[in-house]
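J.: According to the working numbering, the sequence shown is numbered sequentially starting from 13.
What follows is a structure written as structure tokens; I'll ask about it next.
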Amino acid sequence: MSEPVAFWIDHEYDRERATDGRSRYGEHLRRNAEEFAPALDDISPVSFACTAWRIATSPELSPGYVRWHRRILSATCVRNQWDGTLTARVELVSPRPATLAWSPDWQGDRQWRDWPQTFGQFLEPSEQDLVKTSYLRGTLLAQTPIPLDGLPEAPQEPQDDLPETARRTIVLLVRRLNEAITPIVRQLELW
Numbered sequence: 013m014s015e016p017v018a019f020w021i022d023h024e025y026d027r028e029r030a031t032d033g034r035s036r037y038g039e040h041l042r043r044n045a046e047e048f049a050p051a052l053d054d055i056s057p058v059s060f061a062c063t064a065w066r067i068a069t070s071p072e073l074s075p076g077y078v079r080w081h082r083r084i085l086s087a088t089c090v091r092n093q094w095d096g097t098l099t100a101r102v103e104l105v106s107p108r109p110a111t112l113a114w115s116p117d118w119q120g121d122r123q124w125r126d127w128p129q130t131f132g133q134f135l136e137p138s139e140q141d142l143v144k145t146s147y148l149r150g151t152l153l154a155q156t157p158i159p160l161d162g163l164p165e166a167p168q169e170p171q172d173d174l175p176e177t178a179r180r181t182i183v184l185l186v187r188r189l190n191e192a193i194t195p196i197v198r199q200l201e202l203w
């Protein structure tokens, strides 16, 4: 079995599900080109990258163009308000902190449960479960800068090959996020 990675793109699925035979993500980008309006012709690629990522991970593209490991609950890219750089924010399922794991004394007369799982997928407890059971679900929030070198410039107009520029941006973001987040996922999988 191969080592897990945090993020990946299923190019084959994207192509097979496309009505134009090329890219479902590209079709979605063309239909939503107006979302890129503030980013077009921007001197910085940050706004364009954030928009491309948001669309690539949108629930409208279920499953998304970008897929992620079962431990990842959410992954967003945002412009850092301090200096305009690119920051990733990734929320992951985590075991309980060691200070709670080694001793049951803190539980009192409650039986605290971890993340419910079905077929290996971490789930939110249902309303029915919350009526009768207490849950203590650990998460980690990873926030990391993403270097801008190599990110393509935003096109000046939507017709200037918006889908190809967005695709190249996503490929680079997936690579950079994997560099930062995959080692964390691999360590958490030892749990």
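Backbone N, C-alpha and C fix where the C-beta goes; we use that ideal spot for every residue, glycine too.
Tell me the start and end of each unbroken alpha helix (DSSP H) in the region 154-193 that is at least 4 residues and wholly inside, in chain order.
T.: none
J.: In chain order, what residues of the same chain lie with their CB nearer than 8 angstroms to the CB of D141, ignoring the 5 residues before and after it?
T.: P128, Y147
J.: Does the Cβ of P57 have 16 or more other Cβ atoms within 10 Å, making it buried, or fewer, making it exposed?
T.: Under a 10 Å Cβ-count criterion, P57 is classified as buried, with 16 or more other Cβ atoms of the shown protein chains found around its own Cβ.
J.: Report whether the distance from the Cβ of Q168 to the nearest heavy atom of the ligand SAH is below 7 angstroms.
T.: This structure lacks the ligand SAH; in fact it carries no ligand of any kind.
J.: Distance check for G38 and E169, CA to CA, integer angstroms please.
T.: 15 angstroms
J.: Figure out for me which residue from V186, D173, E165 has the closest Cα to the Cα of A51.
T.: When only C-alpha atoms are compared, the closest one is E165.
J.: Pick out the complete alpha helix (DSSP H) segments inside the region 23-59, 4 residues or longer, and give them in chain order.
T.: 23-28, 36-43
J.: Can you tell which of W124, I158, P157, R91 has the C-alpha that lies nearest to the C-alpha of V143?
T.: W124
J.: In whole angstroms, what separates the C-alpha of P175 from that of A110?
T.: 45 angstroms
J.: Of the residues P159, A154, V90, R79, which one's Cα is nearest the Cα of S106?
T.: A154
J.: Report the three-state DSSP secondary structure of E72 (helix, strand or coil).
T.: When DSSP states are grouped into helix, strand and coil, E72 belongs to the helix group.
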